[in-house]
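Residue numbers (this note's numbering): 34 to 485.
Each residue gets a CB set at the ideal place from its N, CA and C atoms; glycine is no exception.
All figures in this text were calculated on a predicted structure; none of them were measured in a lab.
Following: one structure in structure tokens, then a few remarks.
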Ligand SMILES: Cc1ncc(COP(=O)(O)O)c(C=O)c1O
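What follows is the structure, encoded as structure tokens:
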């Protein structure tokens, strides 16, 4: 029985066929395409698209993943307290990313909440965070009744600008929450130095950064605690899921206790009984863990494939005027490429608006997105700071100044207008598929006047 539209087996067969195809196909250099691309009509205005073939679907899995699922079902041990799969995954994931301890959680959001709680982020605190992130990063800070204070973004690296972090530290600041967004490592040496100088804790949001590297360490292992997501679209997916990672036994025992209703855990809580600390239920199920154990097996080879294809895209896309690929932050050694990002400078495209550029690419068969907007103006920030709780916790002057500061994120604002993303599963395809992307961008460039 076939289980999905595009199983891992199909993927492997497809990949092998693709590899053979690649060997037979001569790669045609960009310049050779230019003439024909100038003559060809953009798909958006009725021409033939560069690509009509589908991209692979995500997630992928193989039949080997099915038996362990059935075993868990038949064992009747479906929760982490009764089974062994969550623990097994914790040990293996720790080894994979170089963390001494791992606690699995229900999601990345709950991992971040647990990490902030045990590191003492409290009501009335300020947490310096990147505005350029998935909304969960804002939400978890509001969940603690703390204020997310946005540092500006470095447009080249898509991550927090350390100078901007420094400017925002005040007596209420308790933590820095760097986000390795899109898989791109944040500037952790500088961030850790600022934290040390001001006595702040560092919680890494590595929810998009499995196997990303900074220096010789993996993202998630550079701050006080690191948090991961294993949600459906992530590189190691289980529908929903997350983890907190760290090296400090006291902290990790507290994370375990917090995620398990406040029950004491580990040597640092030895002798305690009942409910000595506050807690919550943020536990992963054994079903999630059993999927993760099989998904994790290909994490390394997938990461290598994404890297190879991303470097190829970098080398070609940067030749096209107005296309500025991301840069790694100082000290960063490897992105996870959850997204492949670049900046689109419309002035090189005769002022063709980014939305039109994106629509043109999609029409050529290349899925893409403009990424995050100015989410701090969407309503949730205002809704939070208008609430009774926030008005009790922060002075009127502070909240007014905070509101005003949201208008002073010039680099982030520009990035939200210029970013373009391709998706991680596209980077798992063959080099000839990367050529489709490159030729589509080049075709849009050559035909920019027709698209206006
Ligand atoms: C940067 C970032 N932080 C946090 C999260 C939250 O993770 P989850 O969806 O597993 O709760 C996500 C998920 O997409 C994310 O991308």
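Residue i, DSSP secondary structure in three states
| i | result |
| --- | --- |
| residue 232 | coil |
| residue 319 | helix |
| residue 260 | strand |
| residue 113 | coil |
| residue 411 | coil |
| residue 513 | Outside the displayed span of the chain (34 to 485) sits residue 513, for which this structure offers no information. |
| residue 313 | coil |
| residue 324 | helix |
| residue 165 | coil |
| residue 402 | strand |
| residue 439 | coil |
| residue 56 | The predicted model places residue 56 with a pLDDT of 34, which falls under 50 and marks its position as unreliable; any figure quoted below should be read in that light. Here residue 56 sits in helix by DSSP. |
| residue 246 | strand |
| residue 455 | strand |
| residue 158 | coil |
| residue 463 | coil |
| residue 304 | coil |
| residue 427 | coil |
| residue 279 | strand |
| residue 433 | helix |
| residue 220 | coil |
| residue 445 | helix |
| residue 180 | strand |
| residue 479 | helix |
Straight-line Cα distance separating residue j from residue i
| i | j | result |
| --- | --- | --- |
| residue 574 | residue 376 | The chain is shown from 34 up to 485; residue 574 falls before or after that span and cannot be answered. |
| residue 55 | residue 418 | The predicted model places residue 55 with a pLDDT of 34, which falls under 50 and marks its position as unreliable, so this point remains unresolved. |
| residue 105 | residue 321 | 10 Å |
| residue 267 | residue 170 | 16 Å |
| residue 179 | residue 238 | 17 Å |
| residue 181 | residue 145 | 14 Å |
| residue 466 | residue 431 | 51 Å |
| residue 219 | residue 286 | 27 Å |
| residue 358 | residue 302 | 48 Å |
| residue 298 | residue 309 | 11 Å |
| residue 480 | residue 159 | 48 Å |
| residue 236 | residue 403 | 27 Å |
| residue 477 | residue 349 | 15 Å |
| residue 410 | residue 164 | 11 Å |
| residue 126 | residue 139 | 16 Å |
| residue 242 | residue 261 | 8 Å |
| residue 118 | residue 440 | 47 Å |
| residue 10 | residue 405 | It is not possible to answer for residue 10, since the shown part of the chain is limited to 34 through 485. |
| residue 228 | residue 193 | 14 Å |
| residue 92 | residue 176 | 30 Å |
| residue 293 | residue 304 | 17 Å |
| residue 444 | residue 315 | 36 Å |
| residue 132 | residue 471 | 38 Å |
| residue 73 | residue 454 | 25 Å |
| residue 147 | residue 88 | 37 Å |
| residue 291 | residue 300 | 15 Å |
| residue 427 | residue 86 | 55 Å |
| residue 246 | residue 367 | 5 Å |
Proximity test, residue i beta-carbon vs ligand 1 heavy atom, cut-off 7 Å
| i | result |
| --- | --- |
| residue 155 | no |
| residue 483 | no |
| residue 328 | no |
| residue 452 | no |
| residue 210 | no |
| residue 119 | no |
| residue 404 | no |
| residue 170 | yes |
| residue 131 | no |
| residue 167 | yes |
| residue 214 | yes |
| residue 244 | no |
| residue 313 | no |
| residue 217 | no |
| residue 446 | no |
| residue 142 | yes |
| residue 408 | no |
| residue 299 | no |
| residue 325 | no |
| residue 275 | yes |
Closer than 8 Å to chain B by CB, residue i
| i | result |
| --- | --- |
| residue 458 | Absent from the structure is chain B; it holds one protein chain and no more. |
Any non-hydrogen atom of ligand 2 closer than 7 Å to residue i Cβ
| i | result |
| --- | --- |
| residue 271 | Of the ligands one can find in the structure shown, namely ligand 1, none is ligand 2. |
Exercise. Which whole runs of the beta strand (DSSP E) in the segment 74-154 are 3 residues long or more, in chain order?
Worked result: The segment 74-154 contains these whole beta strand (DSSP E) runs: 134-138.
For this session: Kindly provide the ranges of any beta strand (DSSP E) runs that are 3 or more residues long and lie completely inside the segment 186-214, ordered along the chain.
Result: 206-210, all fully within the segment 186-214.
For this session: Run through the segment 336-384 for me and flag every whole beta strand (DSSP E) of 3 or more residues, listed as ranges in chain order.
Result: Under the rule that a run must span 3 or more residues, the beta strand (DSSP E) segments found entirely inside the segment 336-384 read 356-358, 365-367, 372-377.
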